[in-house]
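Chains as they are written, first to last, in the numbering used here: chain B, 1 to 218; chain U, 1 to 218.
Since the structure comes first, as C-alpha cells, the remarks are kept for the end.
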C-alpha cells in the first residue's frame, strides 16, 4: 500500500466533533502504549482497537490502516515536540540556555516515547518516499532549522563558534538517541535495566555540558 | 532456538585446514555482502549458501543456522575493529592523536559495514541474553575500555578534562552512527543518496574537532 492512498489528515478537512477527536486520539494513545511495551514495530489494527476498546473499523476510517496509524502517531509525537521547540525559540534567553533546554527536550522526547526512533526508522525503511518526506517534515527539518537558529544566535552573541548545522544535527540527534536504542549495552555497561529517571538526568547533564563546551571552544 | 544450542566457535576447537578456513570465511563474506545490499536483516541460510556458491549444509556445520551465522559475522566484524584499536592504543602518540584516529576508525567501521548497527540491534533484540553478552563482549566493552584509557591518558597529559567514560561511550557511538542509520534524513537534509566518501571525511572532521574541543574545554 502506498501512502498516496491514505488520507493525510481526514480530521482536518472538516469540522470535527468532540467524539471524533476523542476516538482518533484514543487510537493514537493505544498505539503509543503498545509500541512502548514492545521491542519491535509489530502492532496490528486489531491490537490497537482492542487496547483502545474501540472498533477496528475506526482505525481504517481515521488512518486507512496500520501504515496510516503509524504515520499519524509519528506526526503527533513529532508535532508535540516541535511545538515546545517553537515556544523555546521565541523566549528572550541566551543561546546557551536555549541549546541546553533543546537538548533536554530531545532526550525527554526519547524517554517519553521510547519507540520514536524505531518508529521513524520503520516508516522510513519500509514505506515509500512520501512517508519518508512526511516524517522528515514533521520532525527532522524543524529541529534542524531550530538548531541552526540557536547556533546563529550564539555566534551573534559571541559565545558560540560557527558550526555546520546539518552535521551538528546528525551528531547531536545520534548522541541523544543512543542510550535509548542500545538497551543491552545500557544493561551490560551501565548495569541498569533501562534508562531510569536518574540516568536520564545524568545523561542530559553530560550531553549538555559536552555540546556547550564544544560550541564555545575557541 | 537459543544460543546455547549453537557451537560458539567450532573452528577454534580443532586444527582447521585451509579449506575449512576458506569455507567459513566465504560464508561470512557472502552474508556480509547480502546484508550490505539490503535494508533489513532478512537473509536466509539458502541465500547465503547461493551467494557463496557453497552448500547450505556448511552454514549449519559452521554456525548451527542463521542465528549462529549472524553472531559469527558480528563477532568477526567486531574483532577486526577491536584489533586495529589495540594497535592504536599501543602507539607512542598523544591522547588527542589517538582519540582522533579512534573516531575515524569508528566512522570507517560504520561506512565499511553499513549493516553493523542493524545487525547488533537485531541480535540484541531478538535473541537471548547470551547473544547480547557475546555482542557486547566483542564490540561494546573493548571500545569502552579503549576510550577510558585514551581519556585517562589525556587527563594525565593535562590536555583533556576528566569525563565519565561510560556516558561518553553512548554519546560518541550514537553520534558516529546516526549519519549512517538515518538514511532518509541524509537524503532530505544533506541532499545525498547515501554517505559518500566525501561526506564520510567531512563528518569525521566535524565529529573529531567537536569531541576534541569538548574534551579539552576548561
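Even glycine gets a Cβ: it sits at the ideal position worked out from N, Cα and C.
For residue 31 of chain B, does the three-state DSSP call read helix, strand or coil? Position 31 of the first chain, counting from 1, holds the residue named residue 31 of chain B. Here DSSP, grouped into helix, strand and coil, assigns residue 31 of chain B to helix.
Comparing C-alpha positions only, which one of U/159, U/103, U/71, U/210 sits nearest to residue 133 of chain U? Taking the first residue of the second chain as position 1, residue 133 of chain U is located at position 133. Residue U/71 holds the alpha-carbon nearest to the alpha-carbon of residue 133 of chain U among U/159, U/103, U/71, U/210.
Does DSSP put residue 52 of chain U in a helix, a strand or coil? In the second chain, residue 52 of chain U corresponds to position 52, counting from 1. In the structure shown, residue 52 of chain U falls within a helical segment according to DSSP collapsed to helix, strand and coil.
Consider the Cβ of residue 132 of chain U: report whether some Cβ of chain B lies at a distance smaller than 9 Å. As a first step, residue 132 of chain U must be located in the second chain, where it is residue number 132. Residue 132 of chain U counts as touching chain B.
Spatial neighbours of residue 203 of chain U in its chain, beta-carbon cut-off 6 Å, leaving aside the 5 residues before and after: Locating residue 203 of chain U in the second chain gives position 203, where the first residue counts as 1. Scanning its chain for C-beta atoms nearer than 6 Å, with the 5 sequence neighbours on each side dropped, one finds around residue 203 of chain U the residues 179, in chain order.
Taking 9 Å as the CB-CB limit, is residue 211 of chain U close to chain B? Locating residue 211 of chain U in the second chain gives position 211, counting from the first residue. Between residue 211 of chain U and chain B, the shortest Cβ-Cβ separation is below 9 Å.
In chain B, which residues lie with their C-beta within 8 Å of the C-beta of residue 116 of chain U? As a working mapping, residue 116 of chain U is identified with position 116 in the second chain. Contact annotation for residue 116 of chain U against chain B: no contact, minimum CB-CB distance about 13 Å [criterion: below 8 Å].
Residues of chain B with CB under 8 Å from residue 108 of chain U, in chain order? Against the second chain, residue 108 of chain U aligns to sequence position 108. Chain B residues near residue 108 of chain U: none, gap ~16 Å exceeds 8 Å.
Spatially closest choice to residue 157 of chain B from B/216, B/75, B/168, B/110, by CA coordinates: Locating residue 157 of chain B in the first chain gives position 157, counting from the first residue. Nearest to residue 157 of chain B by alpha-carbon distance, out of B/216, B/75, B/168, B/110, is B/216.
Of all the CB atoms in chain U, is at least one closer than 9 Å to the CB of residue 58 of chain B? Taking the first chain and counting its residues from 1, one reaches residue 58 of chain B at position 58. Chain U contact via Cβ: absent.
Give a yes or no on whether 9 Å exceeds the smallest Cβ distance from residue 111 of chain U to chain B. The residue labelled residue 111 of chain U in the question sits at position 111 within the second chain. Output row for residue 111 of chain U: interface = no.
Is the Cβ-Cβ distance between residue 214 of chain B and residue 211 of chain U less than 9 Å? The count along the first chain starts at 1 and reaches residue 214 of chain B at position 214. The count along the second chain starts at 1 and reaches residue 211 of chain U at position 211. In this structure, residue 214 of chain B sits near residue 211 of chain U, with a CB-CB distance shorter than 9 Å.
Can you give me the C-alpha to C-alpha distance between residue 53 of chain B and residue 25 of chain B, rounded to a whole angstrom? Numbered from 1 along the first chain, position 53 holds the residue referred to as residue 53 of chain B. Numbered from 1 along the first chain, position 25 holds the residue referred to as residue 25 of chain B. Their backbone Cα atoms lie some 12 Å apart in a straight line.
Beta-carbon proximity check, residue 69 of chain U vs residue 61 of chain U, cutoff 9 Å: The residue you call residue 69 of chain U lines up with position 69 of the second chain. The residue you call residue 61 of chain U lines up with position 61 of the second chain. No, the Cβ-Cβ distance between residue 69 of chain U and residue 61 of chain U is not below 9 Å.
Using a Cβ-Cβ cut-off of 9 Å, state whether residue 1 of chain B counts as contacting chain U. As a working note, residue 1 of chain B is residue 1 in the first chain. Because the pLDDT at residue 1 of chain B is just 34, under 50, the model does not fix this residue reliably, and the value given afterwards should be weighed accordingly. So no, residue 1 of chain B is outside the interface.
Cα-Cα separation between residue 8 of chain U and residue 145 of chain B, rounded to whole angstroms: Reading the second chain from its first residue, position 8 is the one you call residue 8 of chain U. Reading the first chain from its first residue, position 145 is the one you call residue 145 of chain B. Note on residue 8 of chain U: pLDDT 40, under 50, position unreliable in the model; no value is reported.
Ignore the nearest five residues each way along the sequence and tell me which others in residue 84 of chain B's own chain have a CB closer than 8 Å to its CB. On the first chain, residue 84 of chain B is found 84 positions in, with the first residue counted as 1. Cβ neighbours of residue 84 of chain B within its own chain (closer than 8 Å, five residues either side excluded): 105.
Is the region 38–57 of chain U close to the region 93–101 of chain U, with three or more CB pairs under 8 Å? Not touching, per the Cβ criterion.
Unbroken alpha helix (DSSP H) runs of length 4 or more, entirely within the region 94–163 of chain U: which are they? Scanning the region 94–163 of chain U for uninterrupted alpha helix (DSSP H) segments of 4 residues or longer gives 95–112, 116–126, 129–135, 141–157, listed from N- to C-terminal end.
Taking only three categories from DSSP, how would you classify residue 64 of chain U? The residue given as residue 64 of chain U occupies position 64 in the second chain. Coil.
Near residue 154 of chain B, which residues of its chain fall below 6 Å by C-beta distance, leaving aside the five closest residues on each side in sequence? Walking along the first chain from the start, residue 154 of chain B turns up at place 154. Around residue 154 of chain B: 95, 160.
Between residue 55 of chain U and chain B, is any beta-carbon pair separated by less than 9 Å? Along the second chain, read from residue 1 onward, the residue named residue 55 of chain U stands at position 55. By this cut-off, residue 55 of chain U is not an interface position.
Three-state secondary structure (DSSP) of residue 42 of chain B: As a first step, residue 42 of chain B must be located in the first chain, where it is residue number 42. It is coil, neither helix nor strand.
Check the C-beta distance from residue 199 of chain U over to residue 192 of chain U and give it rounded, since I have them as a contact under 8 Å. As a working note, residue 199 of chain U is residue 199 in the second chain. As a working note, residue 192 of chain U is residue 192 in the second chain. At roughly 6 Å, the Cβ-Cβ gap stays under 8 Å, so residue 199 of chain U and residue 192 of chain U are in contact.
When you compare the CB of residue 78 of chain U with every CB in chain B, is at least one pair closer than 9 Å? For the purposes of this step, residue 78 of chain U is taken as the residue at position 78 of the second chain. For residue 78 of chain U, the answer is no, since every Cβ of chain B falls outside 9 Å of its Cβ.
Determine, using beta carbons only, whether residue 216 of chain U comes closer than 9 Å to chain B. By one-based count along the second chain, residue 216 of chain U stands at place 216. At least one beta carbon of chain B lies nearer than 9 Å to the beta carbon of residue 216 of chain U.
Listed in chain order, which residues of the region 162–176 of chain U have Cβ atoms closer than 9 Å to some Cβ of chain B? So the list reads 163, 164, 166, 167, 168, 169, 170, 171, 172, 173, 174, 175, 176, given in the order they occur along the chain.
By the three-class DSSP mapping on this structure, what secondary structure does residue 195 of chain U have? Your numbering for residue 195 of chain U matches position 195 in the second chain. The answer is coil: DSSP assigns residue 195 of chain U none of H, G, I, E or B.
Cβ neighbours of residue 177 of chain B in the same chain (closer than 7 Å, five flanking residues each side left out): On the first chain, residue 177 of chain B is found 177 positions in, with the first residue counted as 1. Scanning its chain for C-beta atoms nearer than 7 Å, with the 5 sequence neighbours on each side dropped, one finds around residue 177 of chain B the residues 110, 117, in chain order.
Once you ignore the five residues that flank residue 4 of chain U on each side, which residues in its own chain have a CB closer than 6 Å to its CB? Counting from one through the second chain, the residue named residue 4 of chain U turns up at place 4. Low confidence applies here, because residue 4 of chain U scores a pLDDT of 36, under 50, leaving its location unreliable; read the following figure in that light. The beta carbon of residue 4 of chain U sits closer than 6 Å to no other beta carbon from its chain once the five residues preceding and following it are set aside.
Assign residue 112 of chain U to one of two classes, buried (16 or more other C-beta atoms within 10 Å of its C-beta) or exposed (fewer than that). Your numbering for residue 112 of chain U matches position 112 in the second chain. Result: exposed.
The alpha helix (DSSP H) spanning residue 165 of chain B covers which residue range? For the purposes of this step, residue 165 of chain B is taken as the residue at position 165 of the first chain. Where residue 165 of chain B is concerned, the enclosing alpha helix (DSSP H) starts and stops at 165–181.
Verify the CB distance criterion: does residue 151 of chain B have a CB-CB separation below 9 Å to chain U? The residue labelled residue 151 of chain B in the question sits at position 151 within the first chain. For residue 151 of chain B, the answer is no, since every Cβ of chain U falls outside 9 Å of its Cβ.
Mind checking the region 20–32 of chain U against chain B and listing, in chain order, the residues whose C-beta falls within less than 8 Å of any C-beta there? Within the region 20–32 of chain U, no residue has a Cβ that lies closer than 8 Å to any Cβ of chain B.
Excluding sequence positions up to five away, which residues of its chain have a Cβ less than 8 Å from the Cβ of residue 120 of chain B? The residue labelled residue 120 of chain B in the question sits at position 120 within the first chain. Taking residue 120 of chain B as the centre and dropping the five residues before and after it, the same chain places the C-beta of 74, 135, 139 closer than 8 Å to its C-beta, in chain order.
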